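All residue numbers for the sequence shown refer to our numbering, where the first residue is 5 and numbers rise by one.
C-beta: ideal position from N, C-alpha, C; glycine also.
In this text the structure is predicted, and so the values were computed from the model without any measurement.
What follows is one structure encoded as structure tokens, with my remarks underneath.
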Amino acid sequence: MDPTAKAQICVPVCAPTIAAVGRASEQAAAWGDFIEIRLDCLDPAELASGLQNTEASLPGSGRLTILTFRPIEQGGQRKLEAKARLLFWLFNRPPADLFDIEFDIAAAPSLLDYSVGLDWNQVICSYHNFLGLPANLGEIYERLKASPARILKIAVQVDDAVDCIPVFELLERAQKDGREMIAIAMGAAGLATRILGPSRGAFLTYGALGDESATAPGQISARQLKEVYRIEKIDRQTKIMGLVGRPVSHSVSPQIHNTAFAESEINAVYIPFEVSDAKAFIGRMVHPRTRELDWNMRGLSVTAPHKFAVMDELDWIEPAARGIGAVNTIVVAGAKLHGYNTDARAFLKPLVQKLGSLRGVRCAIIGAGGAASAAAWALRQETADVTILARNNDKAEELAGRFGVAWSSVEKSSFAGFDLVINATSLGTRGTSEDESPANASQLRGTRLAYDLVYNPRETRFLREARDADCETLGGLPMLVAQAAEQFRLWTGSEAPEGAMLQAAEQALKS
Numbered sequence: 005m006d007p008t009a010k011a012q013i014c015v016p017v018c019a020p021t022i023a024a025v026g027r028a029s030e031q032a033a034a035w036g037d038f039i040e041i042r043l044d045c046l047d048p049a050e051l052a053s054g055l056q057n058t059e060a061s062l063p064g065s066g067r068l069t070i071l072t073f074r075p076i077e078q079g080g081q082r083k084l085e086a087k088a089r090l091l092f093w094l095f096n097r098p099p100a101d102l103f104d105i106e107f108d109i110a111a112a113p114s115l116l117d118y119s120v121g122l123d124w125n126q127v128i129c130s131y132h133n134f135l136g137l138p139a140n141l142g143e144i145y146e147r148l149k150a151s152p153a154r155i156l157k158i159a160v161q162v163d164d165a166v167d168c169i170p171v172f173e174l175l176e177r178a179q180k181d182g183r184e185m186i187a188i189a190m191g192a193a194g195l196a197t198r199i200l201g202p203s204r205g206a207f208l209t210y211g212a213l214g215d216e217s218a219t220a221p222g223q224i225s226a227r228q229l230k231e232v233y234r235i236e237k238i239d240r241q242t243k244i245m246g247l248v249g250r251p252v253s254h255s256v257s258p259q260i261h262n263t264a265f266a267e268s269e270i271n272a273v274y275i276p277f278e279v280s281d282a283k284a285f286i287g288r289m290v291h292p293r294t295r296e297l298d299w300n301m302r303g304l305s306v307t308a309p310h311k312f313a314v315m316d317e318l319d320w321i322e323p324a325a326r327g328i329g330a331v332n333t334i335v336v337a338g339a340k341l342h343g344y345n346t347d348a349r350a351f352l353k354p355l356v357q358k359l360g361s362l363r364g365v366r367c368a369i370i371g372a373g374g375a376a377s378a379a380a381w382a383l384r385q386e387t388a389d390v391t392i393l394a395r396n397n398d399k400a401e402e403l404a405g406r407f408g409v410a411w412s413s414v415e416k417s418s419f420a421g422f423d424l425v426i427n428a429t430s431l432g433t434r435g436t437s438e439d440e441s442p443a444n445a446s447q448l449r450g451t452r453l454a455y456d457l458v459y460n461p462r463e464t465r466f467l468r469e470a471r472d473a474d475c476e477t478l479g480g481l482p483m484l485v486a487q488a489a490e491q492f493r494l495w496t497g498s499e500a501p502e503g504a505m506l507q508a509a510e511q512a513l514k515s
């Protein structure tokens with residue numbers, strides 16, 4: 005594919021009946037350039053009786069169709085012997101625009117010898133590995149390349165964003181070889197290949213019909229590809245920003261930042277990067293002097309657990325971030341990386357709006373990580389009276405010592421002596437800890453304000469406990485938007501459209 009051409013999206017349809025395939029295909033036509041019909045998803049009886057009616061089952065879709073008959077070992081829905089698949093593709097295939105045929109038979113001599121009437125210009129020769137990134141990926145590519153198929157496809161499971169590098173390199177290699185290619189890193193860590201692939205020459209990318217309709221790990225919806233990431237506008241010049249952390253799937257930062265870029269008419273995209281090793285990611289994918297990808301990487305948000313680790317990889321760090329001891333924002337400045345912390349200022353903004361002056365306000369910060377550091381530093385700048393509380397007494401004591409404040413165990417019977425209690429832990433975040441809270445109503449009774457830095461969900465258990473204790477409450481969304489707006493200014497030099505960013509965050513949290 006010409007990397008200057010519009011990105012093409014294929015929407016897979018996996019349904020048990022021909023009628024359901026037809027209905028889903030009509031919906032998919034609104035989002036996709038191609039519709040992939042997964043024949044392996046059909047009930048056996050439906051498959052036997054409906055093969056010749058597949059074309060008729062797509063009334064007025066107006067989209068190109070890809071037929072796939074995937075065996076279970078390649079990510080399909082049923083056991084299919086190679087011989088059965090070979091006979092199917094040779095003699096029983098229904099009409100379609102393209103046929104996705106697995107490499108074990110698409111590159112087999114038997115198919116080459118007996119493919120009477122099979123137009124190789126309609127064939128995608130595909131390889132899938134759901135176990136991980138093969139060490140011999142280059143050899144696998146060469147095996148596929150030996151096939152006369154028009155399009156080559158390789159999809160491999162990855163566990164870290166750095167494993168996207170060899171997948172992007174496949175696209176470069178295919179372009180040099182003059183071959184059309186689909187290359188995908190599956191899993192949450194591979195999202196960048198799905199979003200950026202077409203701008204790097206991928207023939208197409210896959211987008212699910214809905215959030216619950218993914219046919220492969222890490223496959224996001226076609227709606228997200230178009231509306232959140234604006235994939236059709238991404239090109240080689242697009243500035244790349246992103247979120248570095250683990251996990252990052254819960255984040256609404258992509259909705260916030262991509263909305264800001266769209267509102268400001270900036271050619272940029274913001275992508276979540278699931279990263280285990282911050283040092284390797286910064287060195288291999290971000291730093292201009294050492295990165296292995298030719299891309300326009302311009303800045304990053306940094307979240308847990310990497311706010312401390314990235315500091316060793318930066319060329320310059322602002323004094324506030326040094327004082328806090330954590331970086332949440334990276335700016336690519338020429339050949340160097342600059343580090344900032346926008347959490348502290350963002351933390352204060354809604355708090356000051358709520359309470360006014362913080363001088364002498366008695367504050368309890370629950371937590372001892374990056375968010376707690378930013379809160380403690382910010383409150384000390386405002387001459388508040390701060391106490392750090394954490395499950396780990398050593399960490400609480402260490403953080404308190406850095407800022408010259410008091411510390412205590414979080415197993416406190418009451419916070420009644422405090423004006424403000426802050427949850428700076430991840431407890432309550434959507435997912436495994438959603439039903440947890442660092443404090444209950446009886447502990448919070450007598451406190452004026454409870455401030456939860458968790459923003460997803462908006463209504464955390466900590467906030468519910470606080471309201472039951474007749475406390476005022478403040479959620480983490482205003483802080484999130486404020487720190488994102490400051491990041492936007494650092495990356496672009498322009499004022500951020502905060503109203504649009506807040507609206508995008510609120511909408512994302514409703515979905």
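Give the C-beta separation of residue i and residue j to the nearest angstrom, bearing in mind that I take them to be a contact with Cβ-Cβ under 8 angstroms.
i      : j      : result
VAL336 : ARG363 : Going by Cβ atoms, the distance from VAL336 to ARG363 rounds to 38 angstroms, so no, they are not a contact pair.
LEU467 : GLY479 : 6 angstroms
GLN447 : SER418 : 6 angstroms
VAL25  : ILE13  : So it is not a contact: roughly 18 angstroms between Cβ atoms.
Excluding the 5 residues flanking residue i on each side, which residues of the same chain have their C-beta closer than 7 angstroms to its C-beta?
i      : result
ALA33  : ILE39, SER65, GLY66 and ARG67
ARG227 : TRP35
ALA28  : VAL17, ALA19 and LEU213
ASP347 : ASN332, ALA375, ALA378 and GLN487
LEU481 : TYR459, ARG462 and ALA509
ALA187 : ILE158, VAL171, LEU174, LEU175, THR197, GLY201 and ALA206
ILE328 : ASN345, ALA348, SER377, ALA378 and TRP381
TRP124 : PRO152, ALA153 and ARG154
LEU218 : Looking at the sequence itself, residue 218 is Ala, so the reference to Leu does not match. Contacts found: ALA212.
Do the CB positions of residue i and residue j come within less than 8 angstroms of each other?
i      : j      : result
GLY136 : GLN161 : yes
LEU247 : THR307 : yes
ALA150 : MET505 : no
THR72  : ASP104 : yes
LEU200 : ILE238 : yes
ASP423 : ARG366 : yes
GLY222 : ALA192 : yes
TYR145 : ILE128 : no
GLN491 : SER305 : yes
ALA500 : ALA489 : yes
GLU322 : ALA282 : no
PHE107 : ARG147 : yes
ARG3   : ALA420 : Missing from the structure shown is residue 3; the chain here goes from 5 to 515 and no further.
LEU359 : LEU453 : yes
ALA330 : ALA372 : no
ARG434 : HIS291 : no
VAL15  : GLY338 : no
ILE370 : PRO442 : yes
Within a Cβ cutoff of 6 angstroms, which residues of the same chain sit near residue i, ignoring the five residues on either side of it in sequence?
i      : result
VAL178 : Residue identity differs from the one stated: residue 178 is Ala in this sequence, not Val. Here the set comprises MET185.
ARG74  : ASP44 and GLY80
PRO170 : LEU141
ASP319 : LYS340 and LEU341
LYS243 : ALA272, ASN300 and ARG302
GLU386 : LEU362
GLN78  : GLU106 and HIS132
ALA100 : THR69 and LEU71
By alpha-carbon positions, which one of the options ends up nearest to residue i?
i      : options                           : result
PHE3   : LEU122, ALA110 and ALA112         : Nothing can be reported for residue 3: it is not among the residues displayed for the chain, which extend from 5 to 515.
ARG465 : GLU438, LEU513, THR451 and SER446 : GLU438
SER280 : ALA23, ARG395 and PRO251          : PRO251
ALA376 : GLY421, PRO323, SER430 and TYR344 : SER430
ASP389 : LEU195, ALA445 and VAL409         : VAL409
PRO354 : ASN125, VAL485 and GLU463         : VAL485
ARG349 : MET483, GLN241, VAL232 and ARG97  : MET483
ALA382 : THR242, ALA324 and ALA339         : ALA324
ALA470 : ARG434, ASN427, THR496 and THR433 : ASN427
ARG406 : SER417, GLN447, ARG295 and THR391 : THR391
ARG295 : VAL166, SER225, MET190 and ASN125 : VAL166
GLU236 : GLN511, SER515 and LYS10          : LYS10
ILE109 : HIS310, PHE92, ALA24 and VAL425   : PHE92
GLN241 : ALA266, GLU231 and ARG204         : ARG204
ALA284 : VAL314, LEU513, LEU51 and ILE334  : VAL314
ASP164 : LEU51, ILE286, GLU231 and THR436  : ILE286
Give every residue of the same chain whose Cβ lies closer than 8 angstroms to the Cβ of residue i, excluding the five residues on either side of it in the sequence, and list them in chain order.
i      : result
THR496 : SER268, ILE270 and ALA272
ILE275 : LEU195, ALA196, ILE199, LEU200, TYR233, ILE244, MET245, GLY246, LEU247 and PRO258
GLN31  : LEU213
Nearer than 7 angstroms: is that true of the beta carbon of residue i relative to any heavy atom of the ligand NAD?
i      : result
ALA189 : For the ligand NAD, the structure offers nothing, since it holds no ligand at all.
Complete runs of the alpha helix (DSSP H) confined to the segment 160-236 [at least 4 residues]: 169-181 and 195-200
Kindly provide the ranges of any beta strand (DSSP E) runs that are 3 or more residues long and lie completely inside the segment 28-112, ordered along the chain.
-> For the beta strand (DSSP E) assignment, the uninterrupted runs of no fewer than 3 residues enclosed by the segment 28-112 are, from N- to C-terminal side, 38-42, 68-72 and 102-106.
Q: Please specify which runs of the alpha helix (DSSP H), each continuous and at least 4 residues long, are wholly inside the segment 318-406, giving them in chain order.
A: You should have 323-328, 347-359 and 374-385.
Please list the segments of the beta strand (DSSP E) lying wholly inside the segment 119-162, counting only runs of 3 or more residues, in order along the chain.
127-133 and 155-161
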